[in-house]
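A.B. asks: I am attaching a structure below and will ask some questions about it afterwards.
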Amino acid sequence: MSANTQSKALVNPYAGYKIQPEFITLDPESPQELRKGEVIARALDGFMFLKGTKYAYPHQGADAYWWRGIIAFGFVTPLCGSFKYFTWSGHWGADWEEKHLETIIITNIVHISKERNINWRNGTEEILWIETKHGYSYALLEPDAQYNGAIGNASPAFKPLPWHSPRPAWWDALGDEQWEYLVNTYWKSDASEAWLDLPTADDQSQANLETTVAASSLRLRNISLWTPDRQSSKKTKYKRVKVTDAPDSGEEKVTTSVRGLGARHPNGLPKHIWERVRRAKIKITTGSEECTPVKERLPHLRREESQSRFMLI
1 MSANTQSKAL VNPYAGYKIQ PEFITLDPES PQELRKGEVI ARALDGFMFL KGTKYAYPHQ
61 GADAYWWRGI IAFGFVTPLC GSFKYFTWSG HWGADWEEKH LETIIITNIV HISKERNINW
121 RNGTEEILWI ETKHGYSYAL LEPDAQYNGA IGNASPAFKP LPWHSPRPAW WDALGDEQWE
181 YLVNTYWKSD ASEAWLDLPT ADDQSQANLE TTVAASSLRL RNISLWTPDR QSSKKTKYKR
241 VKVTDAPDSG EEKVTTSVRG LGARHPNGLP KHIWERVRRA KIKITTGSEE CTPVKERLPH
301 LRREESQSRF MLI
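Position one of the sequence shown corresponds to residue 1 (the numbering used here), numbered consecutively onward.
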């Protein structure tokens with residue numbers, strides 16, 4: 001396999017953040033029981049692939065054997081709900097309803113391909129997708145800077161929407177409010193300030209990835225894909241927490257768990273009652289529209305495509 005040989009310890013850009021397993025339910029996801037050939041579609045940003053503590057770079061034609069032992073890290077968000085337009089554009093700094101980001105570890109990857117799909121920019125553009133045995137498919141946005149820098153000439157298939165650009169064709173009428181916010185609020189703010197709330201790693205808090213990678217070998221518990229009807233977020237803010245297990249213990253920093261929950265959910269239940277219901281797995285009808293970003297499983301790669309290392313083309 002392809003792996004970059006590091007001359008120094010691999011630093012961890014996700015230090016200080018709680019790393020979640022991929023089966024975590026993201027607001028406003030409401031997965032139903034998947035039919036054969038279906039997966040849940042998400043987006044993955046700031047990602048890297050590792051085998052042990054070495055970088056690994058997927059390529060077209062990589063089969064299930066190649067993927068053995070490969071894990072991925074990154075920031076994940078669902079490809080459904082009203083926030084998806086900001087995800088499609090690459091402007092994750094927008095403060096919008098239903099925004100939910102998490103830092104996750106992804107194991108049991110089985111496939112990579114480049115394709116058009118309705119879950120990505122309404123099917124108008126190709127994007128790289130990876131797929132896992134757990135029933136998830138991730139559109140790959142921008143890799144982590146140090147990971148991307150290790151191969152120098154890699155350029156992702158994902159192209160962010162440039163600031164102050166015209167409205168693209170894939171930003172349909174259902175996203176009118178989001179476009180108005182982007183143009184009249186987000187783009188009028190200072191660029192540096194607008195991105196301050198994004199989950200980024202403090203250089204002083206970066207740690208070696210060996211412990212995290214070792215933890216990926218733990219067996220995942222059995223899970224159910226059923227969740228209660230979606231919950232609406234009236235206001236989304238990044239939550240600031242005290243980190244007690246990082247090298248710079250006690251420093252206040254932003255966690256990647258970004259989820260705005262109102263005092264009461266759409267069904268009128270207080271939060272503590274709703275959480276109790278969720279734990280008991282009792283379904284309560286809220287009357288809200290479900291958000292289930294389902295896509296077909298990835299097709300097999302075409303042999304005539306170039307065997308480029310890390311298919312970021």
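Beta carbons: idealized from backbone N, C-alpha and C, even for Gly. As the structure is a computational prediction, the values presented were derived from the model and not from experiment.
Report the residue ranges of all beta strand (DSSP E) runs contained in full by the stretch 11–74; include only those spanning at least 3 residues, in chain order.
C.D. replies: DSSP runs (the beta strand (DSSP E)) wholly in the stretch 11–74: 19–21, 38–51, 54–56.
A.B. asks: Three Cβ pairs or more, each shorter than 8 Å: is that satisfied between the stretch 31–50 and the stretch 64–84?
C.D. replies: Yes, the stretch 31–50 is in contact with the stretch 64–84.
A.B. asks: Please report the straight-line C-alpha distance between L10 and I130, rounded to a whole angstrom.
C.D. replies: Straight-line Cα distance between these residues: approximately 23 Å.
A.B. asks: Does S30 pass the burial test, meaning 16 or more other C-beta atoms within 10 Å, or should it be called exposed?
C.D. replies: With 16 or more Cβ atoms within 10 Å of its Cβ, S30 is classed as buried.
A.B. asks: Let me know the secondary structure DSSP gives L128 once reduced to three states.
C.D. replies: DSSP places L128 in strand when its eight states are reduced to three.
A.B. asks: My understanding is that G90 touches P160, with C-beta atoms under 8 Å, so please give their C-beta distance in whole angstroms.
C.D. replies: About 3 Å; that satisfies the 8 Å criterion.
A.B. asks: Figure out for me which residue from A72, E33, K36, A64 has the closest Cα to the Cα of G52.
C.D. replies: The option with the nearest alpha carbon to G52 is A72.
A.B. asks: Could you check what DSSP says for T107 in three-state terms: helix, strand or coil?
C.D. replies: T107: coil per DSSP, three-state reduction.
A.B. asks: By the DSSP assignment, the beta strand (DSSP E) with Y138 in it spans what residues?
C.D. replies: Counting along the chain, the beta strand (DSSP E) containing Y138 begins and ends at 136–140.
A.B. asks: My assumption, with CB atoms under 8 Å, is that S113 sits in contact with Q178. Please give the rounded CB distance.
C.D. replies: Not quite, the Cβ-Cβ distance comes to about 28 Å (not below 8 Å), so this is no contact.
A.B. asks: Measuring CB to CB, does T132 end up less than 9 Å from E22?
C.D. replies: Yes.
A.B. asks: Helix or strand or just coil, what does DSSP make of S89?
C.D. replies: If DSSP states are grouped into helix, strand and coil, S89 belongs with the helices.
A.B. asks: Got a sec, what are the start and stop residues for the alpha helix (DSSP H) D176 sits in?
C.D. replies: First-last of the alpha helix (DSSP H) with D176: 176–181.
A.B. asks: Look up K133 in the DSSP assignment and say whether it is helix, strand or coil.
C.D. replies: Here K133 sits in coil by DSSP.
A.B. asks: To the nearest angstrom, report how far apart K18 and D172 are at their CA atoms.
C.D. replies: Cα-Cα distance, rounded: 35 Å.
A.B. asks: Cα separation between K84 and W120?
C.D. replies: Spanning the two alpha carbons is a distance of roughly 9 Å.
A.B. asks: Could you check which residue in P28, F49, K36, R35 has the C-alpha nearest to that of F13?
C.D. replies: Phe is not the amino acid found at residue 13; the sequence shown has Pro there. Here the closest residue by C-alpha is F49.
A.B. asks: Have a look at P143, Y181, L174 and flag the residue whose alpha-carbon is nearest the alpha-carbon of Y55.
C.D. replies: Measuring from the Cα of Y55, the nearest candidate turns out to be P143.
A.B. asks: Which two residues bound the contiguous alpha helix (DSSP H) that contains A145?
C.D. replies: First-last of the alpha helix (DSSP H) with A145: 145–149.
A.B. asks: For K113, list the residues DSSP reports as bridge partners.
C.D. replies: Here residue 113 turns out to be Ser, not Lys, going by the sequence shown. Answer by DSSP bridge pairing, in chain order: W129.
A.B. asks: If I measure Cβ to Cβ from I24 and keep anything under 8 Å in the same chain, skipping five residues before and after, which residues do I get?
C.D. replies: Only E102, I104 meet the Cβ criterion.
A.B. asks: Buried or exposed: which applies to G149, given that a residue is buried once 16 or more other Cβ atoms fall within 10 Å of its Cβ?
C.D. replies: Result: exposed.
A.B. asks: S137: buried (16+ other C-beta within 10 angstroms of its C-beta) or exposed?
C.D. replies: Buried is the call here.
A.B. asks: Are the CB atoms of F158 and L174 within a distance shorter than 9 Å?
C.D. replies: In this structure, F158 does not lie closer than 9 Å to L174 by Cβ.
A.B. asks: Does the beta carbon of R121 fall short of 8 Å from some heavy atom of the ligand MN?
C.D. replies: The ligand MN is not part of the structure shown, which contains no ligands of any sort.
A.B. asks: Let me check understanding here. Comparing Cα to Cα, which of I127, G123, H134, Q146 lies closest to W170?
C.D. replies: Closest option to W170, Cα to Cα, is G123.
A.B. asks: Shortest alpha-carbon distance to E33 belongs to which of P58, D176, G135?
C.D. replies: Nearest of P58, D176, G135 to E33, Cα basis: G135.
A.B. asks: Quick one: residues in its chain with C-beta nearer than 6 Å to the C-beta of P88, no 5 flanking neighbours on either side, listed in chain order?
C.D. replies: Checking the sequence, you will find Trp at residue 88 rather than Pro. Excluding residues within five positions, the ones whose Cβ falls inside 6 Å are R121.
A.B. asks: What does the alpha-carbon distance come out to for the pair D27 and A94?
C.D. replies: C-alpha separation (whole angstroms): 16 Å.
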